[in-house]
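First the structure, in the form of structure tokens, and then the observations on it.
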Amino acid sequence: SSGVPILLNSRYGIELKTWGLLGNAFFFIAILIGRFLGSIILNWAKPLAFFRATVVASIVGIGLIFIDNQIVTIVGIFITGLGFANIFPLIFSITIDAMPERSNEISGLMVTAIAGGAFIPPIMGFVADKTTVLGGFIVPLIGLLFVSYLAFTKASKLSIQK
Numbered sequence: 738s739s740g741v742p743i744l745l746n747s748r749y750g751i752e753l754k755t756w757g758l759l760g761n762a763f764f765f766i767a768i769l770i771g772r773f774l775g776s777i778i779l780n781w782a783k784p785l786a787f788f789r790a791t792v793v794a795s796i797v798g799i800g801l802i803f804i805d806n807q808i809v810t811i812v813g814i815f816i817t818g819l820g821f822a823n824i825f826p827l828i829f830s831i832t833i834d835a836m837p838e839r840s841n842e843i844s845g846l847m848v849t850a851i852a853g854g855a856f857i858p859p860i861m862g863f864v865a866d867k868t869t870v871l872g873g874f875i876v877p878l879i880g881l882l883f884v885s886y887l888a889f890t891k892a893s894k895l896s897i898q899k
């Protein structure tokens, strides 16, 4: 989210003081909508299947950001927000459901993961400084590819252990 206004400014000349911050708002509105939709969707969908769908949506969204078209980029930002919305809550709930006896440890690790997420924007900035602003978006994409690997390989084994 921190790179969105800078990307919109550098790529499309959208002023940060006016429209650039709306890109950030657009991302967070998508997260808000995604959380509400997620609570409804999970009434019918299996958590692991929905987790996989949100990871794929996030990857598709970031992929769209790389296409050099303003409308496609904005749609990509929105799709990324929708995808990001439920990843953390789903990881938490799937893991707690699989190992309820370790809920305290899992809670502690998840809080640590939140703090660890504070390192992503500076890493994105470093990569952007060495390449381009768009190049900085490789950092969350790599993280999503890792989460995708876990969602499609390790998460299945975790669910079976219940």
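Heads up, the sequence shown is in our numbering, so the first residue is 738 and it goes up one at a time.
For each residue, glycine too, the CB sits at the ideal point set by N, CA and C.
1. At the level of alpha carbons, what is the spacing between Phe889 and Leu769?
2. Quick check: the region 843-856 against the region 749-768, are there 3 or more CB pairs under 8 Å?
3. Using 10 angstroms around the beta-carbon of Pro837, count the other beta-carbons present and answer buried if the total reaches 16, otherwise exposed.
4. Looking only at its chain, what residues have a beta carbon closer than 7 Å to the beta carbon of Pro742, apart from the 5 residues adjacent to it on each side?
5. Could you tell me the distance, in whole angstroms, from the CA atom of Ser893 to the CA atom of Ile799?
6. Does the beta-carbon of Gly775 have 16 or more other beta-carbons within 10 angstroms, so that it is buried, or is it exposed?
7. Which residues bound the alpha helix (DSSP H) around Phe787?
8. Can you name, in chain order, every residue of its own chain whose Cβ lies under 6 Å from the Cβ of Asn780, other than the five neighbours on each side?
9. Cβ atoms of Ser747 and Val870: under 7 Å apart, would you say?
10. What is the residue span of the alpha helix (DSSP H) that Glu838 lies within?
11. Thinking just about the alpha-carbon of each residue, which of Phe788, Leu744 and Gly740 is nearest to the one in Lys891?
12. Is the Cβ-Cβ distance between Thr791 and Ile828 less than 7 Å?
Quick answer:
1. 26 Å
2. No contact exists between the region 843-856 and the region 749-768.
3. exposed
4. Leu753, Gly757, Leu758, Gly760 and Asn761
5. 25 Å
6. buried
7. Phe787 -> alpha helix (DSSP H) spans Pro784 to Ile802.
8. none
9. yes
10. Where Glu838 is concerned, there is no enclosing alpha helix (DSSP H), given that its DSSP letter is neither H nor E.
11. Phe788
12. no
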